[in-house]
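First up is the structure itself, then whatever we jot down about it.
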Amino acid sequence: MDPRLVQLAYLVSAVLFILGLKGLTRPRSAVRGNLLGACGLLVAVVVTLFGAGLDYRLIVGGLVVGTVIGAVFAIRVQMTEMPQMVALFNGFGGAASTLVAGANLVQTDSFGADTLVATALSGMIGAVTFSGSLIAWGKLKEFRQLEEIRIPAQQIVNALLVLSCVGLTVFMANGDGSTMTVVAYWGISALALLLGVTLVVSIGGADMPVVIALLNSYSGLAAAATGFVLSNTVLIISGSLVGASGLILTRIMCVAMNRSLPNVLFGTMGSSGSTLNADDVYANVKSTSAEEVAMLLEVANRVVIVPGYGMAVAQAQHTVSDLRKILVARQVEVDFAIHPVAGRMPGHMNVLLAEANVPYEALREMDEINPTMEQADVTIVLGANDVVNPLARTDPQSAIAGMPIIDADKSRTVIVIKRSLSPGFAKIPNPLFAAENTLMLFEDGRKAIQDIINALNES
Amino acid sequence: MDPRLVQLAYLVSAVLFILGLKGLTRPRSAVRGNLLGACGLLVAVVVTLFGAGLDYRLIVGGLVVGTVIGAVFAIRVQMTEMPQMVALFNGFGGAASTLVAGANLVQTDSFGADTLVATALSGMIGAVTFSGSLIAWGKLKEFRQLEEIRIPAQQIVNALLVLSCVGLTVFMANGDGSTMTVVAYWGISALALLLGVTLVVSIGGADMPVVIALLNSYSGLAAAATGFVLSNTVLIISGSLVGASGLILTRIMCVAMNRSLPNVLFGTMGSSGSTLNADDVYANVKSTSAEEVAMLLEVANRVVIVPGYGMAVAQAQHTVSDLRKILVARQVEVDFAIHPVAGRMPGHMNVLLAEANVPYEALREMDEINPTMEQADVTIVLGANDVVNPLARTDPQSAIAGMPIIDADKSRTVIVIKRSLSPGFAKIPNPLFAAENTLMLFEDGRKAIQDIINALNES
Amino acid sequence: MNFLLATEPVAKLVETSTEAASTSADTVMLLLTVFVLAVFIGVEVITKIPPTLHTPLMSGSNAISGIALVGAVLAAGSGDSMLPKILGCVAVTLATINVVGGFMVTHRMLGMFRRKD
Amino acid sequence: MNFLLATEPVAKLVETSTEAASTSADTVMLLLTVFVLAVFIGVEVITKIPPTLHTPLMSGSNAISGIALVGAVLAAGSGDSMLPKILGCVAVTLATINVVGGFMVTHRMLGMFRRKD
Ligand SMILES: NC(=O)c1ccc[n+]([C@@H]2O[C@H](COP(=O)([O-])OP(=O)(O)OC[C@H]3O[C@@H](n4cnc5c(N)ncnc54)[C@H](OP(=O)(O)O)[C@@H]3O)[C@@H](O)[C@H]2O)c1
Ligand SMILES: NC(=O)c1ccc[n+]([C@@H]2O[C@H](COP(=O)([O-])OP(=O)(O)OC[C@H]3O[C@@H](n4cnc5c(N)ncnc54)[C@H](OP(=O)(O)O)[C@@H]3O)[C@@H](O)[C@H]2O)c1
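Protein chains in written order, with this note's numbering: chain E, -9 to 449; chain H, -9 to 449; chain V, 29 to 145; chain R, 29 to 145.
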């Protein structure tokens, strides 16, 4: 095919990616946006397949195997497992970039310094993405062994790894495509694999969403670097779109937690100077039963539900959607208050509740619902903890000081559904549980909601 | 200088342009945005000057003369004359593109077809922009002779001109840089000059803003085409930014007038089937005096002022700003209702009122203020006509049918200040002037407001 | 001859071509320009995406990063030596999982959002 | 050799260079890519500009279109024959008026907006 036509097709494909992302700016056009993105990828791949005389045997094999595995994953995965899946796929994308740059290095005879640097970057970023994502995936799967790994003198190890990679890159840049260059490349990739592990393994499990968004950004940058290696614009454009997307999501999460990115990556959560003791805080906790909650709901006009990570763990989204329907049928106004970092992924609650058919008009953002919390007769906190912890407002020593929260404590009555008094991700006590107007319902989230529904139906 | 450094500087300059435009998204950062844009241009020019060994004699001469003329214009121009000035400068930009592409054609020995096509486009778009802008400028200056020019069989003439340009472009694309190619180029430019005249000369004077925005877009596209000729990215990027800006402004104006772009460019305004007769409409017009208006204002709690083109003509912006201050000092709530196409340029009223120190919180957009017009005790329509004409809502046959208007008629009392009952741009009568709750103050805008101020101060 | 290239003598260009397609200065700078512009577009578009759609955005943009598939296909299909082709084939498989899985799961997720319109 | 260029034989490249810098296929397509991306950025950014600032936008973007000045400077300063240099000089003058006048008047206008902050 005329190389110009190929390039034109790549441009079309890049435009489709941009239009696809623009589609994601509204729920109404989002499905079409995703399809446009998929079309963009199809165009790019088809044109590449037929643009040059290629040997199709290995390609077709890879495509078929990859499609089957990808499709099975996509169909089987539970919505609660989305963070894991994104982490895993991310890693695959990064690994692909590393392998492509490596293969390209072996296939050529000569290279300019630019291209060699791009190759080194592609190998490095791709490998960090791969191993980092696998560790993140493992942490989200809660593999016990990962939690126990401690890297001695971690910051020094990281610094040494980065420096060695940089050194090898400089060596490569002056290389001549000889075997030494190739060896240096795989050296860089190996060191970067190690770096990915050491960077991610010591980050707290609940900070994994931030790590995943960052790695998502890296996988884009790796693709862009590969684009520089191949002088391929579609790789560069889509890679940088993904890079931007990951960075923005990372920033959104950090802002919502009122923490800086370095603090997330290297910080030591829980080293707060706060002197609060859980036993003191929880001296006056009142617990309640599903029947009592049902009675409160029967006389309420406005109910707010604050879902958190516990709803995902308990898989309570369908049950709580049923509860909403029952209440709405009884003329009660029911809103869900969605904190930007509730759960383990940005937008996590939205996806779960959408899965359970809750209309998205009922999902209200924090800034929107907070001013109206005083008008709520009953607020049900379902498996949320840190995102409703008033210490964020009151205790400047607290680990979550300054983090914006959902003002559940301001509503007339608060029902907190969780299994115990154990803390949330931030590992600090929550005075909301002992507040004057709070009742605790100690139970698994799904079971608790089901019991409330039963009680409501019986009465 | 290393050509790579030059290109890097061009990239920096393009980024400065983008950041500059981003700065214009908020009044607070707009000044800085404009300065960033200017820096971008400075970087590009300085790098070009020192990037290659050039003969500076002619360059410096041109720069000095241009700077002096530009600065004098910028300092002297009245805010009411902005549309004219933009039109004139636009034309200069277009002419520069044509000349550059032409000079480049003469200086080279050989050219690819791509470059030749880009050269032809640059010459053509640049020349259309130049002559079209000059005509638009003349029309805004209200040169009588221009109004009288009629082109016989205009659409056919235009079509022939376009076809000849396309033919010559095809000829050029197959050219070899010989004298014939150069002749073809200047032929294209000459025909395009003519085309600019025939296209713009028959468009109504009040449609000039749309034409200017469109020509603004063209001057950007001409620069972008020149960028393709010179393989220069900064020309391409800034050219396409300007191209997009002009097109978007054009669309905004067309939407605000509820007309299509072809209708503006080729349409015949006033050929409406409406049977309304001015004498019938104006049977019950009540006129008033400055003293009576002052009395009404004295008892008002909320006053809305609707400025229009007449305020610009009368240069009444400072006087009306004084009136606002006096009323605000008397605890009256005063808002300005700004229609998107009031005046002769998008944002025209905003600039004039900002010049007169009206805070921009007091300038309210149409969609924002319309729902509150019923709470206005007095609405002063100052030199506006079409933008408050209720026929747009009521008469589907009207030339402005469907155009969104400011609902001045819904307020308790309406004062219309204009010199006579003569129509606005759309040349149709305005039933608002004869409405039950309307009083006409026939006077020049500035004098009328001054009289009202005097009456207020005396009482 | 156009202005920019006019600063490089013809000899330089011939030299470049004997280096057999080492990316020329011009191309790298153009690619860098493309990169910078694409980052701007990414930032502009993505800051407009509402929080509700952040999980689909994450999985959707993840799928887009599988664009490395294009490079993988080229690696797996060209050249003669076996090693790079096998590396390419592994890369094709991994990137395809990323692409197919990513777009499909995003579609599934967005289907849930749409049902209630 | 990198993949994309691998499809063009070396002979082609040498030929290109003997044509002395006629823009190669690759470059034009890259420039086209840059153009398309810049249009996207323009649309994204400019749709965010509020109506209050539309007149400054018009005069400001008008000033930016004076970027043709870069080309004018090159034309006025290079080559030997007089005609193109004179054309270039006229172009420099016109473009400078556009640039200097445009940015200055926009600055003046925006100063009016700011005074009331
Ligand atoms: N979403 C993101 O993107 C993101 C990113 C980074 C960090 N984070 C962090 O993650 C945290 C999210 O806050 P969150 O309030 O959603 O969650 P959380 O603070 O982690 O608390 C979750 C609560 O759910 C309860 N729970 C667990 N399993 C349950 C079950 N089966 N039934 C009922 N309750 C159950 C737990 O208490 P029991 O064990 O007593 O039941 C726990 O207190 C924040 O600290 C945030 O900073 C989120
Ligand atoms: N702003 C834009 O970007 C734009 C673009 C394209 C088209 N347009 C068109 O321009 C029109 C703008 O509407 P508009 O309501 O602002 O203006 P208009 O409809 O043109 O009416 C202006 C009125 O001002 C009066 N006037 C003129 N000089 C005056 C003076 N010295 N003192 C007092 N009054 C004076 C005139 O009446 P007297 O002669 O009786 O005094 C006239 O009726 C619309 O039709 C719109 O579609 C605007």
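Quick reminder that beta carbons are idealized off the backbone N, C-alpha and C, glycines included. All of these numbers come straight from a predicted model, not from anything done at the bench.
Distance cut-off 7 Å: residue i Cβ against heavy atoms of ligand 1
i: Asn347/H; result: no
i: Val190/E; result: no
i: Ile69/V; result: no
i: Met363/E; result: no
Residue i (DSSP reduced to helix, strand or coil)
i: Arg292/H; result: strand
i: Ser19/E; result: helix
i: Glu282/E; result: helix
i: Glu323/H; result: strand
i: Thr75/V; result: coil
i: Arg354/E; result: strand
i: Leu44/E; result: coil
i: Leu429/H; result: strand
i: Ile227/E; result: helix
i: Thr119/E; result: helix
i: Thr61/R; result: helix
i: Val348/H; result: coil
Close-in-space but distant-in-sequence residues of the same chain around residue i (CB under 8 Å, 5 per side omitted)
i: Gly373/H; result: Pro297, Gly298, Tyr299, Gly300, Met301, Ala302, Val303, Ala304, Ala306, Ile407, Lys408 and Gly435
i: Ala103/E; result: Ala163 and Asn164
Residue-chain proximity (residue i, chain E), Cβ-Cβ < 8 Å
i: Met110/R; result: no
i: Val101/R; result: no
i: Thr61/R; result: yes
Residue nearest to residue i in terms of C-alpha spacing, selected from the options
i: Ile439/H; options: Gly236/H, Leu429/H and Thr309/H; result: Thr309/H
i: Leu158/E; options: Ala143/E, Trp176/E, Tyr46/E and Ala93/E; result: Trp176/E
i: Phe79/E; options: Thr83/V, Ile69/V, Ser87/V and Leu111/V; result: Ser87/V
i: Leu115/V; options: Val348/E, Cys29/E, Gly52/E and Met243/E; result: Gly52/E
i: Asn267/H; options: Gly186/H, Thr171/H and Leu381/H; result: Leu381/H
i: Ser179/H; options: Ser87/H, Leu9/H, Gln135/H and Gln145/H; result: Ser87/H
i: Ser3/R; options: Asp45/H, Val293/H and Ile59/H; result: This structure cannot settle anything about residue 3/R, because the visible part of chain R is limited to 29 through 145.
Contacting residues, own chain, Cβ-Cβ under 6 Å from residue i (five flanking each side not counted)
i: Val(-4)/E; result: Val37 and Gly41
i: Lys400/E; result: Met363 and Glu364
i: Asn222/H; result: none
Short CB-CB distance (under 8 Å) between residue i and chain H
i: Asn30/V; result: Residue confidence for Asn30/V is low, a pLDDT of 44 falling below 50, so the modelled location carries little weight; the figure read from the coordinates is stated next. Yes, because at least one Cβ of chain H sits closer than 8 Å to the Cβ of Asn30/V.
Below-8 Å beta-carbon distance, residue i vs any chain R residue
i: Leu58/V; result: yes
i: Leu97/V; result: no
i: Gly128/H; result: no
i: Asn248/H; result: no
i: Phe68/V; result: yes
i: Met301/H; result: no
i: Ala373/H; result: Before going on, a small fix: residue 373/H reads as Gly here, not Ala. No, Gly373/H lies away from the interface with chain R (no Cβ there is under 8 Å from its Cβ).
i: Lys12/H; result: yes
Own chain partners of residue i with C-beta closer than 7 Å, once the 5 adjacent residues on each side are dropped
i: Phe423/H; result: Tyr272, Val275, Val406, Leu411 and Met430
i: Leu353/E; result: Phe326, Ile328, Asn340 and Leu343
i: Phe415/H; result: Ala196 and Asp376
i: Leu97/V; result: Val120, Ala123, Thr124 and Val127
Any C-beta of chain V under 8 Å from that of residue i
i: Thr161/R; result: No answer is possible for residue 161/R: it lies beyond the span of chain R, which begins at 29 and ends at 145.
i: Val118/R; result: no
i: Thr169/H; result: no
i: Pro78/R; result: no
Any non-hydrogen atom of ligand 2 closer than 7 Å to residue i Cβ
i: Tyr46/H; result: no
i: Phe415/H; result: yes
i: Arg464/H; result: Any answer about residue 464/H is impossible in this case: the structure gives chain H only from -9 up to 449.
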